[in-house]
Every structure is written in structure tokens, then in C-alpha cells.
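Novice: Numbering (UniProt numbering), first residue to last: 1 to 459.
Backbone N, C-alpha and C fix where the C-beta goes; we use that ideal spot for every residue, glycine too.
Have a look at this one.
This is how it looks when you write it as C-alpha cells:
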């Protein structure tokens, strides 16, 4: 358990009813650590601790709790108390929370909030999931371009308590169009009498509300930004995405890619993310679709073996099936390595399918050729000296490995790029499709090489 050394002390203070002592105990730790402590408490004690805290401190801690804990707490509150909590939470966090509440319950709570707050929450929850608009916050600081640095600092001093960050402020004109950004460091170092427009960074990096959230997170990482401004189609500033939110986005996207790379339904897994608590039927439904596809691929592989089975009779004393795991394993591993490399390139923006399609396939096919030229002779030696195969059949294995490596690398590079071009997540289809495709076609290459060697070298 996390915080095993701290929890007994905290629980003792709670049981003694020392409200001031509980607050003092928690204040020694940052909000994220306080949230961990509260998550590890039994539900009743966690609620008791939160009731002892000041409203702003309570809201900050709740914003660090996972969404399920937030929902559990809010469901037990009166609409008035829940509205008070939401009022002090970061704007993006409270929008996420309201978006997960039952519609009737959410409406009861929103009625207890100011009109501006209701409008803000509704606007944020209306953006399509996965877009910049769905992850941005409207809790940012702005300054006009015509004021002095001294006036801007005074303005930020007043705004700071109600803003998620003032490390970066956003310069907007009278129509709220974004015209620049300015860091707190730049303001402090500038002459007090200088105008903001003279020291700001004009035409800053930005994203639009409909941009993919992963692209937004990568942009923040690429340009080392503390916050990225989000604008609407008319270039009006409507929100920001902070660097900590970008980290969360990239972490979630990585989890999504890993699950889908293994042919697991991410949306269902996200809804039931504790394997120990997941119901059996839920797990079956989540995994059945892709397993059915892979089952079909295995069936095709069986059909290939059955169709070409007569070829083995041309090599007396050789058990073809003994070498099938070696061949399809080599192809599957080569293809999976290539898929992983290309998906990473797509994710980082290093590979553009429209620009790099032929180049990437040619490079990976050449890589497969080089690997085949190394693995093929090893397969020849293994088949002849270890497995007791004839020189002719050993040559079959060597050439089959060479062909399979080239084919698997070529297909493994092509599939993710085609998926991206047709706007399908490459991680969703690439690994299962490669596994299915390379197994069947790899065996076709094997049997075809065996047939050709027999026809032209042995007869």
C-alpha cells in the first residue's frame, strides 16, 4: 500500500477528531500526495477529512483524485455542496467530472452554479472526445498588449489565485484574438515602463479546438511549452492545454496503443481498468472480436498447409511441419519489429505516409533482405547439421527465410502507413493483421520455394 507509514498517523488524528491537527498534517505534503493519502483511506474517513478542509484546498485535492473517486464523492454530496466543490476546481477537471455524471444529477448541480460557470462547463463538455477542446482549460491569464509591464504584473497578481498558471500569460486584442504570449520571467526581467507588445513573443505556437489531443501534447513536448494556447476558427483564444495535462494525454495514448497493439478493445478496458475486478463476460466481450479475426487467420494458415501439403512428399524423410514454427516465428517477429518502428515514426511525426510511403517500404524491405542474408545461412546450417536435412532442403529453408524476412518487413512497414492514410489508428490493426498475414503468406513462400527447388534442382 502507498503511504503505509503515514496512514496510521493520519487515521489516529481522524479518530481523535482533531480537525486542526488533520489540516496541519496534510499541509506538510503537496496536493498530489494529499490526494494519494485520501485515496488510501476508507470511504467514510476520506469524506470526513475532505469536510475538514478549506473549500479551495478541498477542490485542489479532489482534482488530483482519479475520476472514479471524484464521482463517488460527488454522488454522496448534496447538489449545493457539489456545486461549491466544482466552483473551485480547475475548469477542465470539473468539466470531465460533470461529463461523467448522470444527466439529471449533473443538471441539479449546475443549477446551483453561476450562469457563467454553467456556460463554461457546458461548452467544454460539448467538444468531441479526443480533440484539443475536450482537454483544454479555460482557466488562463490574459493581458492586453498596450499596458506597461508594471501594470501587467499588477494585473497578474490579482488574477493569480483564480488561474491554473500564470507562468505563461496570453496577449489578446479587444476581440480576444491571440496575438502573443509572455512568460512571467520575461515580465520580471523587462523594464517596468516597457509595453507588453514590445516584449511579448508574437505569433506564438498554437493549436485549434478540433486538433487531435495527441498532436497537441506532442507540440507541447516538441516546443518545450508550459502551456499551449487553443484557438477557435476565428483565432480567438478559447483555452489552453498545460504541460501536466500533456503528460496525462501521452500516458493515456501510450496505454491505448499498447492495448490495441495486443488486439484489446481500449474503450472497454478503460471502463474496467482493474483486471482483478473485471467480470469474466466483460473480458470475453472485450477480447472476442480480435480473437475471432486471429482465429480466421489461423484457419487460413491451415488451409495453406492443407493445399500445399503434397509438396512435402517430394522430400522423403523430411518432416515439413517441424520447420513451420521457425519460419512463421521469424516472419512474425520481423514484421512486429517493423510495425513497432513505423508506428513510432508515425507517432513522433518522423514518418509522413504521403511523403515517405515508397521510401519507408524500400528501406524496410532492404533491411529485411540484410536480415535474411544473415539468418538464411544460419537456417541452412541448422537444417543440415542439426536437423539432418538434405542440402537441397536446407537450401529451401535458407531461401524461404530470406523471402519471408523481405516480405514481412515490407508488409510490416506498409500496413501502418495505409491505416494512417485511411484514418484508422495504426496500433489498432497493425499487429493483429501482420500476425495473420505473415503466417499464411510465409508458409506460401516456404512451399513455393520447396516446389521450385524440387522442380529445377532435383528433377
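Give me the residue from 343, 335, 197 and 176 with the minimum Cα distance to residue 442.
Specialist: What you label residue 442 is simply residue 442 of the chain shown in a count that begins at 1. Ranking 343, 335, 197 and 176 by Cα distance to residue 442 puts 335 first.
Novice: Run through DSSP, which three-state label would residue 341 get?
Specialist: As a first step, residue 341 must be located in the chain shown, where it is residue number 341. Residue state, collapsed to three classes: helix.
Novice: Identify the continuous alpha helix (DSSP H) that holds residue 50 and give its terminal residues.
Specialist: Taking the first residue of the chain shown as 1, we reach residue 50 at position 50. It spans 43-52 - the alpha helix (DSSP H) in which residue 50 sits, taken as one unbroken run.
Novice: Quick check on residue 143: does DSSP put it in helix, strand or coil?
Specialist: Within the chain shown, the letter at position 143 stands for residue 143. Three-state result, residue 143: strand.
Novice: Measure the C-alpha to C-alpha separation of residue 195 and residue 203 and round it to an integer number of angstroms.
Specialist: By 1-based counting over the chain shown, the position of residue 195 is 195. By 1-based counting over the chain shown, the position of residue 203 is 203. Their backbone Cα atoms lie some 17 Å apart in a straight line.
Novice: Does DSSP put residue 205 in a helix, a strand or coil?
Specialist: For the purposes of this step, residue 205 is taken as the residue at position 205 of the chain shown. Three-state result, residue 205: coil.
Novice: Report the residue ranges of all alpha helix (DSSP H) runs contained in full by the stretch 353-404; include only those spanning at least 4 residues, in chain order.
Specialist: Correct list: 353-381.
Novice: By Cβ distance, which residues of its chain are closer than 8 Å to residue 131, with the 5 residues on each side in sequence left out?
Specialist: As a position in the chain shown, residue 131 is number 131, starting the count at 1. Cβ neighbours of residue 131 beyond the five flanking positions: 209, 210, 211, 212 and 213.
Novice: Going by DSSP, what residues sit across from residue 131 in a beta bridge?
Specialist: Within the chain shown, residue 131 is the residue found at index 131, counting from 1. Bridge partners of residue 131: 212.
Novice: Quick one: is residue 455 buried, meaning 16 or more other Cβ sit within 10 Å of its Cβ, or exposed?
Specialist: In the chain shown, residue 455 corresponds to position 455, counting from 1. Answer is exposed; the Cβ neighbour count stays below 16.
Novice: Could you tell me the alpha carbon to alpha carbon distance between residue 385 and residue 372, rounded to whole angstroms?
Specialist: Start at 1 with the first residue of the chain shown, and residue 385 comes out as number 385. Start at 1 with the first residue of the chain shown, and residue 372 comes out as number 372. Spanning the two alpha carbons is a distance of roughly 19 Å.
Novice: In angstroms with no decimal places, state the Cα-to-Cα distance between residue 361 and residue 367.
Specialist: Within the chain shown, residue 361 is the residue found at index 361, counting from 1. Within the chain shown, residue 367 is the residue found at index 367, counting from 1. If I take the Cα positions, the gap works out to 10 Å.
Novice: In whole angstroms, give me the CA-to-CA distance for residue 14 and residue 8.
Specialist: For the purposes of this step, residue 14 is taken as the residue at position 14 of the chain shown. For the purposes of this step, residue 8 is taken as the residue at position 8 of the chain shown. Rounded to the nearest angstrom, the two C-alpha atoms are 10 Å apart.
Novice: For the alpha helix (DSSP H) containing residue 15, list its first residue and its last residue.
Specialist: Within the chain shown, the letter at position 15 stands for residue 15. Looking at the DSSP string, the run of the alpha helix (DSSP H) that includes residue 15 is 7-16.
Novice: Taking all protein chains shown into account, do 16 or more other C-beta atoms lie within 10 angstroms of the C-beta of residue 285, making it buried, or fewer, making it exposed?
Specialist: For the purposes of this step, residue 285 is taken as residue 285 along the chain shown, with counting starting at 1. Exposed, by the Cβ-count rule.
Novice: Name the DSSP beta bridge partners of residue 228, please?
Specialist: By 1-based counting over the chain shown, the position of residue 228 is 228. Residue 228 is bridged to 241.
Novice: Among residues of its own chain, excluding the 5 on either side of residue 451, which ones have a beta-carbon nearer than 6 Å to its beta-carbon?
Specialist: If you number the chain shown from 1, residue 451 lands on position 451. Cβ neighbours of residue 451 beyond the five flanking positions: 311.
Novice: Return the residue from the list 183, 256 and 448 that minimises the CA-CA distance to residue 400.
Specialist: Reading the chain shown from its first residue, position 400 is the one you call residue 400. Of 183, 256 and 448, the residue nearest in Cα terms is 448.
Novice: Grab the span of the beta strand (DSSP E) containing residue 178 for me, first residue to last.
Specialist: Along the chain shown, read from residue 1 onward, the residue named residue 178 stands at position 178. Here the beta strand (DSSP E) through residue 178 covers 178-183.
Novice: Nearest-angstrom Cα distance between residue 275 and residue 43?
Specialist: Counting from one through the chain shown, the residue named residue 275 turns up at place 275. Counting from one through the chain shown, the residue named residue 43 turns up at place 43. In this prediction, residue 275 scores a pLDDT of 49, lower than 50, which makes its location untrustworthy; the coordinate-derived value is nonetheless stated afterwards. Going by the C-alpha atoms only, they are around 22 Å apart.
Novice: Can you say whether residue 239 is buried or exposed, counting buried as having 16 or more other CB atoms within 10 angstroms of its CB?
Specialist: On the chain shown, residue 239 is found 239 positions in, with the first residue counted as 1. By the neighbour-count rule (16 or more Cβ atoms within 10 Å), residue 239 is buried.
Novice: Which whole runs of the alpha helix (DSSP H) in the stretch 49-89 are 4 residues long or more, in chain order?
Specialist: 55-64, 67-76 and 79-88, all fully within the stretch 49-89.
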